[in-house]
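As structure tokens, the structure follows; a few thoughts come after it.
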Amino acid sequence: MKLRNFGKLGIQGSAFGLGCMRFPMKEVDGKKVVDEENAINIIRTAIDGGVTYLDTAYVYLGQQSEVVVGKALRDGYREKCTIATKLPIWLAEKPEDMQRMFDEELARLQTDHIDFYLVHALGRERWDKAKALGVREFLTRLKAEGKIRFACFSFHDDYDAFEYILNDYDWDMCQLQFNYMDVANQAGLKGVKLAGSKGIPVVVMEGLLGGRLANAPDNVQALYDAFPVKRSPVEWAFRWLCNQPEVATVLSGVTTVEQTKDNLRIFDTVEPGCMDADELALIDRVRDAYNSRIKVGCTGCAYCMPCPQGVDIPGAFSAWNNASLYGGLEKGNKDYQRLCAEGKAPTQCVECGACMAVCPQHINIIDMLKNVTADLA
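Going left to right, the sequence shown walks through residues 909 to 1285 as this note's numbering numbers them.
Structure below.
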């Protein structure tokens, strides 16, 4: 397993970080629970193969993920790896809630300290709430007490919010959604470079965009097939990420031992600078091929919201684009049905035109919403 530098922290970790959110499930007495035997086998297979970074969270898998990880790390496995878990700040209403949830996490994980402790899924508003609760002082105290080694955050918002949060505390690490399709989305490549310039290591989540980059549509697969070096779409995606020197580790959520072993193979061959100019040009063409399937040029800015009739305009366009981009018509249909169930369906549009008057992309929203319904309903 290739080891990578964690920026200013002066430590190294595995290129492959095991994401603990997609363990196999089974049904017991009518309830879905983690298949502990298989999940523990996955975790220990990963660690035996050289994985040193495990990523879980308080809320993952109905609050079962940390429990299973704790069981898997018995018998000496805790000493072979670092644990990253997360504080769900949206569940905290008073400062004492943060300590209570942290203590629960220590108990679930059967450990006396957390290596990487992340404030979970921050955006600007959530960070402001966290600050008001005293999260900065809380993290600083936990570090001083030796309860956590590194204070970190995971992020879902735009670049401006990322820069604001990154500069508002002495962070040790950040976790970002990043992949070759998201170079200008959320924190994007600009955010990765900003963190790197400060010596703050970047842990990548959604490297396969929720699995959508693992199954290439026909126009993308044709580009891969024509290239002289043969790799799976998964391997190309992970290779592109590991080519970035600012990336410390790439999370991959697996559901089988076979997937774990394939990831171990892939991540044993990647490091910064592992892609040559021709390979980088291929990924540029792949990105263009995906983008050529975009149905509507909505950026999700939400200037059109709120709709007087309650239509979730950005949500409808996102479902439509994703269905076309990634061959996910079934998923797009489910997203459409969800909008209907929530009272946010495109069919509620009365063609008032208020949205079109403020759209910075000058999209013919009225007609496009009709097209969404035609394709997904």
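C-beta atoms are modelled at their ideal positions from N, C-alpha and C, and glycine is treated no differently.
Keep in mind the model is a prediction, meaning the values are calculated, not measured.
- Proximity of the stretch 1199–1209 to the stretch 1243–1263 falls short of the contact definition, fewer than three beta-carbon pairs being nearer than 8 Å.
- Here LEU1102 is actually not in contact with ILE1073; their C-beta atoms are around 11 Å apart, not less than 8 Å.
- The residue among VAL959, MET1006 and MET929 with its C-alpha nearest the C-alpha of GLY970 is MET929.
- Assigned with DSSP and collapsed to three states, ARG982 falls in coil, not helix or strand.
- By the criterion of a C-beta distance shorter than 6 Å, ILE1056 is surrounded in its chain by ILE1022, TYR1025 and LEU1050, once the five residues flanking it on both sides are discounted.
- Spanning the alpha carbons of ASP1186 and ILE991 requires a straight line of approximately 37 Å.
- By the C-beta criterion, the stretch 1173–1188 is judged to be in contact with the stretch 1137–1155, since at least 3 inter-stretch pairs fall below 8 Å.
- By the Cβ criterion, the stretch 1105–1112 is not in contact with the stretch 1212–1230, since fewer than three pairs of Cβ atoms, one from each stretch, lie closer than 8 Å.
- Taking a 10 Å sphere around the C-beta of ALA1069, we find 16 or more other C-beta atoms and assign the residue as buried.
- A distance of 7 Å or more separates the beta carbons of LEU1017 and GLU1053.
- Within the stretch 987–1043, the complete alpha helix (DSSP H) runs of at least 4 residues fall at 1003–1017 and 1032–1041.
- Here VAL1158 carries a strand assignment [DSSP, helix/strand/coil].
- Cβ atoms of ARG1032 and ASP1065 come within 8 Å of each other, at about 6 Å.
- Taking all protein chains in view, the Cβ of SER1062 is crowded by 16 or more other Cβ atoms within 10 Å, so the residue is classified as buried.
- When beta bridges are read from the DSSP output, SER922 appears opposite LEU911.
- Here GLY1115 is actually not in contact with PHE1135; their C-beta atoms are around 20 Å apart, not less than 8 Å.
- When beta bridges are read from the DSSP output, MET1113 appears opposite GLN1085.
- For ASN1241, the CB contacts under 6 Å within the same chain, skipping 5 residues up- and downstream, are LEU1284 in chain order.
- DSSP places SER1140 outside both helix and strand once states are collapsed to three, so it counts as coil.
- When C-alpha distances from ASP1076 are compared across ALA1038, PHE1086, MET1089 and LYS1098, the shortest belongs to ALA1038.
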